[in-house]
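J.: Mind looking over this structure? Questions follow.
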Amino acid sequence: MTEVSSVIDETKPYWVVNKTVEQIIQEYTSLYSTCPLCEHIKVPKNNIGLHLRTVHLRFIIELLVDENLIYCLPCKLKCAPHVLRKKSTGILRGHYHCPFCEKILTRSHSFKGHTAGYLIEAIL
Ligand SMILES: [Zn+2]
Ligand SMILES: [Zn+2]
Ligand SMILES: [Zn+2]
């Protein structure tokens, strides 16, 4: 059995290992004063929970790897050139970071397709 926690950098805000949604909200509320997954977004003090629920947690992708539940949260930071919808507007695409490699995918179905490879590996 792979220790998923040794593979995944748990200091990153865009994935969480073996935590409930409630735990994520509690933790992020105590850790951050603005949303760690958005740029230039004003979040009312102590109200990151509401923002997380409406903007990020609704679009969470669950990965089950060796009995570890990994939640991947959509990130809205300027992490790569291709997350810019249009260079002129500077509007960013929500995207997902693969916890196992450097890949950043902007569509949830391509992210699921990409991570499916790891899940199959985990089962074998
Ligand atoms: Zn946010
Ligand atoms: Zn990102
Ligand atoms: Zn990957």
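Our numbering numbers the first residue of the sequence shown as 157 and each following residue consecutively.
Quick reminder that beta carbons are idealized off the backbone N, C-alpha and C, glycines included.
Because the structure is a prediction, the values reported are computed rather than measured.
1) What beta strand (DSSP E) runs, 3 residues minimum, are completely inside the segment 192 to 278?
2) What separation, rounded to the nearest whole angstrom, lies between the Cα atoms of Asn224 and Phe256?
3) For the alpha helix (DSSP H) containing Ile164, name the first residue and the last one.
4) Does the Cβ of Lys234 lie closer than 7 Å to at least one heavy atom of ligand 1?
5) What do you reckon, are the CB atoms on Ile260 and His251 nearer than 8 Å?
6) So, using beta-carbon positions, are Tyr170 and Leu229 closer together than 8 Å?
7) Leaving out the 5 sequence neighbours to the left and right, which residues in its chain are closer than 7 Å to His212 when beta-carbon positions are compared?
8) Along the alpha helix (DSSP H) that carries Tyr184, what are the first and last residues, could you check?
9) Kindly provide the chain-ordered list of residues whose Cβ lies closer than 5 Å to any non-hydrogen atom of ligand 3.
10) Can you round the beta-carbon distance between Leu240 and Leu233 to whole angstroms, since I take them to be within the 8 Å contact cut?
11) Check whether the Cβ of Cys231 sits closer than 7 Å to any heavy atom of ligand 2, and report yes or no.
T.: Reading off the structure:
1) 217 to 221 and 224 to 228
2) What you label residue 224 is simply residue 68 of the sequence shown in a count that begins at 1. What you label residue 256 is simply residue 100 of the sequence shown in a count that begins at 1. Roughly 14 Å between the two C-alpha positions.
3) Position 8 of the sequence shown, counted from the first residue, corresponds to residue 164. Here Ile164 belongs to no alpha helix (DSSP H), and DSSP marks it neither H nor E.
4) As a position in the sequence shown, residue 234 is number 78, starting the count at 1. Outside the cutoff, so no.
5) Counting from one through the sequence shown, the residue named residue 260 turns up at place 104. Counting from one through the sequence shown, the residue named residue 251 turns up at place 95. Yes. Within cutoff.
6) Working through the sequence shown from its first residue, we reach residue 170 at position 14. Working through the sequence shown from its first residue, we reach residue 229 at position 73. For Tyr170 and Leu229, yes; Cβs fall inside 8 Å.
7) As a first step, residue 212 must be located in the sequence shown, where it is residue number 56. Here the set comprises Leu193, Leu229 and Pro230.
8) Taking the sequence shown and counting its residues from 1, the one referred to as residue 184 is at position 28. That run of the alpha helix (DSSP H) goes Val177 to Leu187.
9) Cys254, Phe256, Cys257 and Lys259
10) The residue labelled residue 240 in the question sits at position 84 within the sequence shown. The residue labelled residue 233 in the question sits at position 77 within the sequence shown. That belief does not hold up - the Cβ atoms of Leu240 and Leu233 are roughly 11 Å apart, past 8 Å.
11) Counted from its first residue, the sequence shown places residue 231 at position 75. For ligand 2, at least one heavy atom lies less than 7 Å from the Cβ of Cys231.
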